[in-house]
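Residue numbers (the numbering used here): 1113 to 1605. Glycine included, C-beta positions come from ideal geometry on N, C-alpha and C. Just so we're clear, the structure is a prediction, and the values are computed from it rather than from any experiment. As structure tokens, the structure follows; a few thoughts come after it.
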Ligand code: ATP
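Structure, rendered in structure tokens:
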């Protein structure tokens, strides 16, 4: 099923994933705050990316650079001159649009042929009454649009106490430049050999003209970027090293998104044609995802050649080269850049995980997150909150498991309701403590020391001794098979 953006936005707010920033003051344009579950999900996503692309690889290292960089960085990189979008303004309502976006929006039309009645017409289509096509502002339907003007997307600020031209600084619009600027530092300190990559995850800022679609396009966002340096003289499997590694990174990134749950049918590759290529790029391929707003870029993987290192060498006067031992010469490495957005990836994982199904005549909403992404891994639920022993045992189990994972305790509703709440936020497993676990001391019964684990996806159950829980969850939460656990620890019929 395809979930609508409205459904996701409302779920995110209701269940503490994402809130409008400064909402009590009416909100800040296109800025969002991650709530208690959102921050867990986001941290998991970044941790997995780091683990799989940095920690596990011998050819990768990371950095964490400052957001404010020397203004010359942006001159050298071309951002001061080229990081612009053509925009048009409505002369009536003053709304601003990206020039290349205007015809992708539904438009408002006051139709002469129907006594000036107001219609909203789908993007790119003519009015079905008078045949007119859009010429005015798509939003108010009345104002003329100005000719396109170039608008730089970088946020400008001032360093230090004096607001003058000499102290202008910019919030970085991408994390990538820090990897180029630190190339020599990293190379020397880590004694690296080509090919190798430098990764960074962190905030970027773009004064987008038309932000929107929830966290898809915001003005403050997080990126996870890699600059993978290769020797352009080398060949791998008979191909130039930069071309070989470009394809390898495209395949590895696709595999990564699939591994954590994005479905094949919602992913596609899109090759940039020549006219669309950035000024530095030899070839760029986007991984597109079928978002609720339609197919759009999830991440981009560009072959940036030696453009950036050469530019920074030119502007800084420092040599940014690599000594090729074999050929006994200094070369400027080429670089392949897999650049993704944390927020956009999070939106894709949310959309893909969202499922509605009918269970015994009732609607069940489930976020089928991969267990390693799920914000909460286990919820511990007492079957009866009036029984002290049950509550005590449940708290103790939560405390033990919380040493390894994010685990919550909840006793604020009946069990059926508690399960549904956990399903809706994607918690893969619930643990229920009942009378059988602790025994009924009034009747002189001792408990069996076992609890019920309930699996989110199949809703199946297993009955597991408390002391085995940690081991079972270590297995399940790292991709272990539920069917195996269910057959090893069968639940009573
Ligand atoms: P778009 O064409 O959507 O503006 P872009 O091609 O300018 O994106 P890049 O500069 O390649 O984007 O940035 C790499 C990644 O950073 C994007 O694929 C996206 O995931 C993320 N990203 C870029 N701009 C934004 C934004 N305004 N809000 C959220 N994520 C963003």
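For my contact list, residue i and residue j are in at a C-beta cut-off of 8 angstroms; report their separation, rounded to the angstrom.
i            : j            : result
residue 1436 : residue 1345 : 7 angstroms
residue 1640 : residue 1503 : Past the boundaries of the shown model lies residue 1640; the chain is included only from 1113 to 1605, so the question cannot be answered.
residue 1615 : residue 1388 : Residue 1615 is absent from the structure shown; the chain starts at 1113 and stops at 1605.
residue 1513 : residue 1564 : About 15 angstroms separates the two Cβ atoms, so there is no contact after all.
residue 1568 : residue 1478 : 7 angstroms
residue 1422 : residue 1447 : That belief does not hold up - the Cβ atoms of residue 1422 and residue 1447 are roughly 11 angstroms apart, past 8 angstroms.
residue 1491 : residue 1534 : 5 angstroms
residue 1184 : residue 1284 : Between residue 1284 and residue 1184 the Cβ distance is about 13 angstroms, and since that is not below 8 angstroms, they are no contact.
Among the options, whose alpha-carbon lies nearest the alpha-carbon of residue i?
i            : options                   : result
residue 1392 : 1456, 1156, 1154 and 1189 : 1189
residue 1301 : 1328, 1175 and 1317       : 1175
residue 1336 : 1343, 1286, 1327 and 1366 : 1286
residue 1382 : 1413, 1398, 1259 and 1394 : 1398
residue 1152 : 1580, 1541, 1570 and 1537 : 1537
residue 1329 : 1386, 1553 and 1460       : 1460
residue 1532 : 1550, 1586 and 1467       : 1467
residue 1194 : 1390, 1587, 1342 and 1577 : 1390
residue 1573 : 1557, 1600 and 1162       : 1600
residue 1412 : 1273, 1428 and 1454       : 1454
residue 1458 : 1129, 1425, 1114 and 1118 : 1129
residue 1588 : 1556, 1331, 1237 and 1486 : 1486
residue 1219 : 1254, 1279 and 1342       : 1254
Could you give the DSSP three-state label for residue i: helix, strand or coil?
i            : result
residue 1241 : coil
residue 1332 : strand
residue 1565 : strand
residue 1199 : strand
residue 1206 : coil
residue 1517 : coil
residue 1180 : strand
residue 1231 : strand
residue 1433 : coil
For the alpha helix (DSSP H) holding residue i, just list the boundary residues, first then last.
i            : result
residue 1530 : 1527-1537
residue 1501 : 1500-1513
residue 1353 : 1353-1371
residue 1599 : 1594-1600
residue 1124 : 1117-1126
residue 1189 : 1183-1189
residue 1497 : Taken as a continuous stretch (DSSP letters only), residue 1497 belongs to no alpha helix (DSSP H), as it is neither H nor E.
Within this structure, are the beta carbons of residue i and residue j separated by less than 7 angstroms?
i            : j            : result
residue 1575 : residue 1603 : yes
residue 1480 : residue 1465 : yes
residue 1250 : residue 1214 : yes
residue 1147 : residue 1165 : no
residue 1494 : residue 1523 : yes
residue 1267 : residue 1196 : no
residue 1203 : residue 1256 : yes
residue 1309 : residue 1340 : yes
residue 1414 : residue 1433 : no
Over the uninterrupted beta strand (DSSP E) stretch that includes residue i, give me the two end residues.
i            : result
residue 1475 : 1474-1479
residue 1219 : 1219-1223
residue 1441 : 1441-1443
residue 1131 : 1130-1132
residue 1415 : 1406-1417
residue 1314 : 1308-1317
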